[in-house]
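Each protein sequence line maps, in turn, to chains A and B.
According to my numbering, the first sequence is numbered sequentially starting from 1.
According to my numbering, the second sequence is numbered sequentially starting from 509.
For each residue, glycine too, the CB sits at the ideal point set by N, CA and C.
Here is the structure we will look at, set down as structure tokens.
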Amino acid sequence: MDALDGILYGLSVAFTFNNLLAALVGALAGTLIGVLPGLGPTAGIAMILPLSYSLDPTSGLIMMAGMFYGAMYGGSTTAILVNMPGESASVITCIDGYKLTKKGRAGAVLTIVAAGSFVGGVISVMGVMLFAPALAEVGLLFGPAEFFALTAGGLLLFSRISGGSLAAGIFPMAIGLMLSTVGQEAVTGQDRFTFGLADLTLGVELVALVVGLYGIAEIMSVVESLQTQVKPLPVKLRDMFPSRQEWSRSVAPFGRGTILGFIFGLLPGPSATLASFAAYRLEKGVSKYKHELGEGAIEGVAGPETANNAAATSSMVPLLALGIPFGPVTALMLAAMMVHGVQPGPMMMTAHPQVFWGVIASMLVGNVMLVILNVPLVSLWVSLLRVPNHIFLPVILMMASIGCYSVRNSMLDVGMLLVVALIGYILRKLEFQLAPMVVGLVLGPLIEKHLREGLFMSLGELSVFYTSPIAIVIWLLVIVVMLLEPLRQLAARMLGIKIKKIIPESSE
Amino acid sequence: MATQLPLGEMDAPGAGLFPVLVGAIMCFASLATVWEGWKTPRTDGIELPVGQDRTRLFKLIILLALYFTAMPWLGYSLSSWAFALLLMRLLSPLSWWRCGAYAALMTGVIYFCFIYLLKVPMPSFAFSF
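What follows is the structure in structure tokens.
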């Protein structure tokens with residue numbers, strides 16, 4: 001099936017009633033999750049993960065994808081209206097978005113964000129349609145050594161690019177890998193680190209880890225600083241129309257943000273967050289109105305918001321084409337696919353074309369739904385921000401316990417929520433990145449599988465992992481990125497050359 | 509503990525190989541963390557909650573621990589109602605009666621959506637709710 005046939009087939013799958021409903025529910029739930037503080041896309045998707053098990057794999061994944069890009073849109077609403085990003089990718093939007101709100105342009109900015117998210121999302125979907133099959137064909141050339149390099153090297157890169165210092169990424173990654181070794185070992189069936197607890201035989205539950213780290217730990221932070229809750233001003237429908245100048249100034253940032261976001265989505269790391277920061281920097285460098293950035297310029301919102309939506313969409317490419325998640329949300333999607341018996345990767349396009357093309361085409365449909373629904377519904381989202389903490393926090397916590405228990409009816413998983421939340425809260429205070437722990441837990445079994453397969457097939461010859469050209473290229477790339485920061489420091493110390501930091505301070 | 513698992517041979521690795529490797533990565537990560545902690549100036553302290561903020565946070569943690577402990581004994585609905593009631597009292601100046609009513613409403617809606625409609629199996633009390 002070529003790309004055009006695939007797109008048409010995918011649209012026929014996406015336009016079935018169940019899948020349209022899944023995309024609608026996902027987009028709306030995602031926007032809600034993005035809007036509400038204390039619940040990011042990762043925790044939100046983790047909470048509905050068990051519910052998606054009851055749907056067929058295509059509908060379940062369509063709903064999860066809808067939540068991901070819906071949350072990207074919703075997160076910007078709080079950033080613009082109350083200077084509080086709903087998720088990390090909208091942090092940079094606060095700078096100009098909130099200043100424009102203070103100037104009375106909130107409604108117009110929200111419309112520009114919706115339009116930018118739509119443009120970024122739709123063009124990125126087209127890129128995914130063309131790029132994913134090509135990458136899947138390359139993936140067919142991969143053996144255990146290449147996949148080992150991609151999973152292990154990708155995890156290392158992800159941990160390093162996630163932000164902060166070396167230890168801030170590597171330490172949580174190591175915890176994630178350690179947790180991935182708990183449970184029954186896949187080849188010999190031997191129990192590892194289960195301490196005689198039957199519930200641990202299946203390993204550490206991903207939903208408990210993600211909801212604890214991202215949901216409950218975040219709620220702890222909200223409860224801790226309860227006094228600072230800000231109430232937004234109402235936004236009326238007649239204020240939603242941007243001026244002609246605002247539209248014309250947004251066109252170029254839409255284009256730049258889309259290209260940048262699409263590229264970032266293909267790379268390991270917190271792609272949506274990095275893309276929005278990079279888009280802001282790009283606007284600061286090339287925009288005709290760069291002198292206004294930071295003081296309330298529409299370019300400072302249009303570029304980053306387009307980029308983060310484009311990145312959220314294109315981050316599906318490595319997952320669908322190679323079966324490798326480069327972020328916590330795609331890691332959850334991988335877990336959902338595994339439960340349904342769908343193995344993402346190079347063979348997915350031929351083995352499960354309905355899921356592959358259906359999910360991609362649904363993103364097109366979901367983005368259209370998002371723009372149609374969100375602009376008129378902005379007053380509803382704004383009114384949700386006025387719901388007091390003492391109402392929505394108990395609801396979220398009750399739903400978190402349901403989501404966690406329902407995966408495998410285990411009270412151990414529910415109890416683990418609190419333990420993980422405490423660990424997440426402390427690690428966040430110490431400025432560690434949490435995403436590498438989640439990705440480590442998901443990629444750990446894959447790394448072990450490819451390592452063992454490689455050793456089996458090469459009769460114990462270690463050189464198999466670093467002699468194939470593809471593996472060499474991947475490992476060289478990993479080494480270069482790992483050495484970037486030490487080289488930057490060395491250049492600054494020895495030669496007095498000052499280079500801007502390439503790795504962000506934090507992405508969470 | 510990882511070393512007690514069978515390591516196998518190079519051409520037939522056992523269940524212990526990967527955990528041993530992960531243990532080595534953990535050692536490296538720990539050393540890197542200690543090294544960075546040692547290098548960081550003492551002025552870069554972490555921001556911990558103080559006063560009422562800290563008390564509220566501790567109370568939330570205790571409430572969550574009690575909620576998760578009580579759930580298998582009291583069932584999902586009763587424990588959730590009590591948890592929501594106490595959490596609302598902690599976070600708001602509302603009276604016990606209003607908190608109780610709101611908690612009942614929240615628990616009822618969640619019970620209806622998830623346990624009744626979506627048939628999510630949750631622990632139940634002696635009266636099956």
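Note to self: So if DSSP puts B/Pro-521 in a beta bridge, which residue, or which two residues, is it bridged to?
What the structure shows: According to DSSP, which records beta bridges pairwise, B/Pro-521 is partnered with B/Gly-516.
Proximity to A/Arg-238 [Cα-Cα], best of A/Val-375, A/Thr-330, A/Pro-57, A/Val-223
Ranking A/Val-375, A/Thr-330, A/Pro-57, A/Val-223 by Cα distance to A/Arg-238 puts A/Val-375 first.
Helix, strand or coil, according to DSSP, for B/Gly-583 in the structure here? In the structure shown, B/Gly-583 sits in coil (DSSP, three-state: anything other than H, G, I, E or B).
request  = Can you have a look at A/Ser-315 and say buried or exposed, based on whether 16 or more other CB atoms are within 10 angstroms of its CB?
outcome  = With 16 or more Cβ atoms within 10 Å of its Cβ, A/Ser-315 is classed as buried.
Backbone secondary structure at A/Gln-510 - three-state DSSP
In the structure displayed, chain A extends from 1 to 508; residue 510 of chain A sits before or after that span and is not available.
Notebook entry, point to check: If you compare alpha carbons, which of A/Leu-446, A/Gly-496, A/Phe-147, A/Phe-262 is closest to A/Asn-309?
Noted result: Nearest option by C-alpha distance: A/Phe-262.
Contact set between the stretch 395-417 of chain A and chain B, restricted to residues whose Cβ is under 9 Å from the partner: Of all residues in the stretch 395-417 of chain A, the ones placed with a Cβ closer than 9 Å to any Cβ belonging to chain B are Val-395, Leu-397, Met-398, Met-399, Ser-401, Ile-402, Gly-403, Tyr-405, Ser-406, Asn-409, Met-411, Val-414, Gly-415, Leu-417, in chain order.
**Q.** Any non-hydrogen atom of the ligand ATP within 8 Å of B/Phe-622 CB
**A.** Judged by which ligands are present, the structure shown has none, so any question about the ligand ATP falls away.
- Name the DSSP bridge partner or partners of A/Gly-183? For A/Gly-183, the beta-bridge partners assigned by DSSP are A/Arg-192.
So with CB distances below 7 Å, who are the chain A contacts of B/Pro-521? Correct list: Arg-452, Leu-455.
Looking at the structure shown, is B/Pro-629 part of a helix, part of a strand, or coil, going by DSSP? DSSP, read as helix, strand or coil, puts B/Pro-629 in coil.
**Prompt:** To the nearest angstrom, how far is it from the Cα of A/Leu-155 to the Cα of A/Met-437?
**Reply:** C-alpha separation (whole angstroms): 10 Å.
Beta-carbon spacing of A/Met-67, A/Ile-48 below 9 Å: Contact: yes.
- Nearest to A/Ala-134 by CA position, among A/Gly-116, A/Ala-321, A/Met-457, A/Leu-490, is which residue? Among A/Gly-116, A/Ala-321, A/Met-457, A/Leu-490, the Cα nearest to that of A/Ala-134 belongs to A/Ala-321.
Would you call the stretch 623-634 of chain B and the stretch 426-440 of chain A in contact, with 3 or more CB pairs under 8 Å? They do not touch, by the three-pair rule.
key: Buried or exposed by the 16-neighbour rule on C-beta atoms within 10 Å, applied to B/Trp-581   = Counting the other CB atoms within 10 Å of its CB gives B/Trp-581 a total below 16, which places it among the exposed residues.
(Q) Tell me the residue span of the alpha helix (DSSP H) that contains A/Asn-389. (A) Following the DSSP letters along the chain, one finds A/Asn-389 inside the alpha helix (DSSP H) bounded by residues 389-408.
Give the range of the alpha helix (DSSP H) segment to which A/Ala-29 is assigned.
Start and end: 17-35.
State the start and end residues of the unbroken alpha helix (DSSP H) segment that holds A/Thr-114. The sequence shown places Ala at residue 114 of chain A, not Thr. From DSSP, the alpha helix (DSSP H) with A/Ala-114 extends over 106-139.
Quick check on DSSP: helix, strand or coil for A/Ser-248?
The answer is helix: DSSP assigns A/Ser-248 an H, G or I state.
Distance between A/Met-63 and A/Val-223 (C-alpha atoms, nearest Å): When rounded, the distance between both Cα atoms is 30 Å.
Q) If you follow the alpha helix (DSSP H) that A/Gln-433 is part of, which residue opens it and which one closes it? A) For A/Gln-433, there is no enclosing alpha helix (DSSP H), as DSSP marks it with neither H nor E.
Excluding sequence positions up to five away, which residues of its chain have a Cβ less than 8 Å from the Cβ of A/Thr-151?
Cβ within range, chain order: Ile-324, Leu-443, Leu-446, Ile-447, His-450.
Exercise for the section: Would you please verify whether the beta carbon of B/Leu-572 is less than 9 Å from any beta carbon of chain A? Expected result: It does: the Cβ of B/Leu-572 has a partner Cβ on chain A nearer than 9 Å.
Closest Cβ-Cβ distance between A/Ile-470 and chain B: below 9 Å? With 9 Å as the cut-off, A/Ile-470 does not count as an interface residue toward chain B.
*Compare the C-beta of B/Gly-531 against all C-beta atoms of chain A and say whether one is closer than 9 Å.*
When Cβ-Cβ separations below 9 Å define contact, B/Gly-531 makes contact with chain A.
*Is DSSP giving A/Val-204 helix, strand or coil here?*
If DSSP states are grouped into helix, strand and coil, A/Val-204 belongs with coil.
| Using the beta-carbon of each residue, which ones in chain B are nearer than 7 Å to A/Arg-244? | Ordered by position in chain B, no residue passes the 7 Å Cβ test against A/Arg-244, which lies about 45 Å from the chain.
Assuming A/Cys-94 is part of the alpha helix (DSSP H), what are its boundary residues? Unbroken alpha helix (DSSP H) run through A/Cys-94: 93-102.
query = Expressed to the nearest angstrom, what Euclidean distance is found between the alpha-carbon atoms of B/Met-614 and B/Gly-522?
reply = Their Cα atoms are separated by approximately 51 Å.
*asked:* Could you check whether the Cβ of A/Arg-160 sits closer than 9 Å to any Cβ belonging to chain B?
replied: For A/Arg-160, no Cβ of chain B is located within less than 9 Å of the residue's own Cβ.
Could you tell me if A/Ile-161 is buried or exposed, where buried requires 16 or more neighbouring beta carbons within 10 angstroms of its beta carbon?
Its Cβ being crowded by 16 or more others within 10 Å, A/Ile-161 is buried.
Problem set entry | 9 Å Cβ cutoff, A/Gln-190 in contact with chain B | By this cut-off, A/Gln-190 is an interface position.
field: At least three beta-carbon pairs within less than 8 Å, the stretch 331-339 of chain A to the stretch 77-91 of chain A
entry: Judged by pairs of C-beta atoms under 8 Å, the stretch 331-339 of chain A does not touch the stretch 77-91 of chain A, as fewer than three such pairs exist.
Original post:
Out of curiosity, what's the CA-to-CA distance linking A/Thr-350 and A/Phe-131?
Top reply: A/Thr-350 and A/Phe-131 have their C-alpha atoms some 16 Å from each other.
Go through its chain and collect everything with a Cβ distance to A/Gly-415's Cβ below 7 Å, but skip five positions before and after it. Excluding sequence neighbours, A/Gly-415 sits near nothing in its chain.
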